[in-house]
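Asks: Per my numbering, the very first residue in the sequence shown carries number 5; after that it's consecutive.
Heads up, the beta-carbon is just placed ideally off N, CA and C, and yes, glycines get one too.
One structure follows; several queries about it will come next.
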Amino acid sequence: MPYQPPWPPTGTALEAIRKSSVVPVWLPWPLPAGWLVTGFGEVGDQRTGARASVVALSGPSLTEGPADLLVIAEEPGIGLGAAYAGLDGPDPGAGFDAGPPNAKIQVLGHPTALWCVSGQADRAVYAGEALGNWLWTIIWPADAGCLIALSELSLIDARDHDLDVPFGAFSPRLDT
């Protein structure tokens, strides 16, 4: 399935991805303090709809400096999250979820386990499952990964909400 050109951080783009996506469009809500939505991406076509969605965000890390976060939902085998993570295969890999989870976040009000996945050294990668789809959180720089484990993120499906989302500058992380 083709990766479509990324969408800019606008209300029009959010509305378009809300309508085209057959997988959740996960959005941390409320946004962490100081964070902005910085773009959207999807894999799919007009015939089948988006089989993977990505929401890009930027804001302050818990350590120091800025951080970039991608939140991805995808059907198994699509490979968008793995591509952003820097993995060779389409999914997190066998045994990624062995042992206790490294983080828990709220997804639609339910605790959801995430495990660290070994990706490129410059980013922190967590993966899990929500609503039968892969859920990926990928954050740069790698030391900002503590945001996933410590900030008590709560994800909603933007397809189900008409929100006044704060937007920032387009994220170059989507140009992968």
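(1) Let me know the secondary structure DSSP gives GLY48 once reduced to three states.
(2) Can you list, in chain order, the residues of its chain with a C-beta nearer than 7 Å to that of ASN106? Leave out the 5 residues immediately preceding and following it.
(3) To which residues of the same chain is SER17 closer than 8 Å at the C-beta, ignoring the five residues directly before and after it?
(4) Just verifying my parser: in three-state terms, what is the DSSP assignment at ARG127?
(5) Under 6 Å Cβ to Cβ from PRO104, same chain only, skipping five residues before and after it: list those, please.
(6) For GLU133 and THR116, what's the separation of their Cα atoms in angstroms?
(7) Taking only runs that begin and end inside the stretch 68 to 122, name each unbroken beta strand (DSSP E) of 3 or more residues, in chain order.
(8) If distances are taken between C-alpha atoms only, which option among PRO70, PRO32, LEU84 and LEU91 comes closest to ARG163?
(9) Assuming TRP144 contacts GLY85 (C-beta within less than 8 Å), just tell me the rounded distance between them.
(10) With SER62 as the anchor, note down where its beta strand (DSSP E) starts and where it stops.
(11) Quick one: what does DSSP say GLU156 is sitting in, helix, strand or coil?
(12) Would LEU73 and LEU61 qualify as a contact pair, given that the criterion is a beta-carbon distance under 7 Å?
(13) Use the C-beta contact count for ASP161: other C-beta atoms within 10 angstroms, 16 or more gives buried, fewer gives exposed.
(14) Since I believe VAL75 is in contact with VAL58 (beta carbons under 8 Å), could you give me their beta-carbon distance rounded to a whole number of angstroms?
Replies: Quick answer:
(1) In the sequence shown, residue 48 corresponds to position 44, counting from 1. Of the three classes helix, strand and coil, the one that applies to GLY48 here is strand, per DSSP.
(2) The count along the sequence shown starts at 1 and reaches residue 106 at position 102. Closer than 7 Å at Cβ, skipping near neighbours: LEU118, TRP119, CYS120, TYR130 and ALA153.
(3) Counting from 1 along the sequence shown, the entry for residue 17 is found at position 13. What sits at residue 17 in the sequence shown is Ala, not Ser. Cβ neighbours of ALA17 beyond the five flanking positions: TRP11, GLY43 and PHE44.
(4) Mapped onto the sequence shown, residue 127 falls at position 123. Coil.
(5) As a position in the sequence shown, residue 104 is number 100, starting the count at 1. If we look at PRO104 and ignore the five residues flanking it on each side, it has no Cβ neighbours.
(6) Translated into the one-based positions of the sequence shown, residue 133 becomes position 129. Translated into the one-based positions of the sequence shown, residue 116 becomes position 112. Their backbone Cα atoms lie some 8 Å apart in a straight line.
(7) 70 to 78, 107 to 111 and 114 to 120
(8) As a working mapping, residue 163 is identified with position 159 in the sequence shown. Looking only at PRO70, PRO32, LEU84 and LEU91, the smallest Cα-Cα distance to ARG163 is reached by PRO32.
(9) Numbered from 1 along the sequence shown, position 140 holds the residue referred to as residue 144. Numbered from 1 along the sequence shown, position 81 holds the residue referred to as residue 85. Contact flag wrong, Cβ pair sits at about 14 Å.
(10) Your numbering for residue 62 matches position 58 in the sequence shown. Per DSSP, SER62 belongs to the beta strand (DSSP E) from 53 to 64.
(11) In the sequence shown, the residue the question calls residue 156 occupies position 152. Coil, per DSSP.
(12) Taking the sequence shown and counting its residues from 1, one reaches residue 73 at position 69. Taking the sequence shown and counting its residues from 1, one reaches residue 61 at position 57. Contact flag set, yes.
(13) Locating residue 161 in the sequence shown gives position 157, counting from the first residue. By the 10 Å Cβ count, ASP161 comes out buried.
(14) Start at 1 with the first residue of the sequence shown, and residue 58 comes out as number 54. Start at 1 with the first residue of the sequence shown, and residue 75 comes out as number 71. With a Cβ gap of about 7 Å, VAL58 and VAL75 count as contacting.
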